[in-house]
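Quick note on numbering: the sequence shown equals residues 163 to 292 in this note's numbering.
Just so it is clear, CB atoms sit at the ideal spot from N, CA and C, and this is done for glycine as well.
Small disclaimer: the values here were computed from a predicted structure and weren't measured.
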Amino acid sequence: MSISLEHAKDLPARQGSADNFTGAVQVRHVAASQGQPMGVGQVTFERGGRTHWHRHSGEQVLYFLQGQGRVQQRGEQPNDAVPGDVARIPAGVEHWHGAHPDEQHAMTHLSITSGTTTWLEPVSEEEYRS
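Take a look at the structure:
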């Protein structure tokens, strides 16, 4: 067995499902766990792209890499993020994340998620732009 080295842009990418995302979203799986569900993905949200409301049975950490982003917990004000910011979302918290409404280009973050994901309804334009 030997070390494997790949560039993130060479990892297979898939479009985010319209069942879980609004707008153009590209997901590249970086790592997955063999035991308890855990995944690491590089996720790129084009202008206006965002997740639907959802929650995870474990913690989720978002490490913002490029562009302006936004993350919001249901019932709270949205949090704006720039490259280098890290959002820690506790288990069970309903939230969404994606490109900031004012971002003219793409936003990319690394998503580190433990547990399973429960997808909920889309984020409305009003919620997104609030």
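The criterion of a C-beta distance shorter than 9 Å is not satisfied by V202 and F226. The alpha carbon of H216 has as its nearest neighbour, out of Q239, A175, Q230 and I251, the alpha carbon of I251. The residue from R232, A170, G254 and W258 with its alpha-carbon nearest to that of N182 is W258.
Here A193 has V202 as same chain residues with Cβ atoms under 6 Å from its own Cβ, once five neighbours each way along the sequence are excluded. Pairwise C-beta distances place the segment 258 to 272 in contact with the segment 222 to 239, as three or more of them are shorter than 8 Å. For R176, the uninterrupted beta strand (DSSP E) run begins and ends at A175 to Q177, by DSSP.
Shown here, R190 sits in a strand according to DSSP, grouped into three states.
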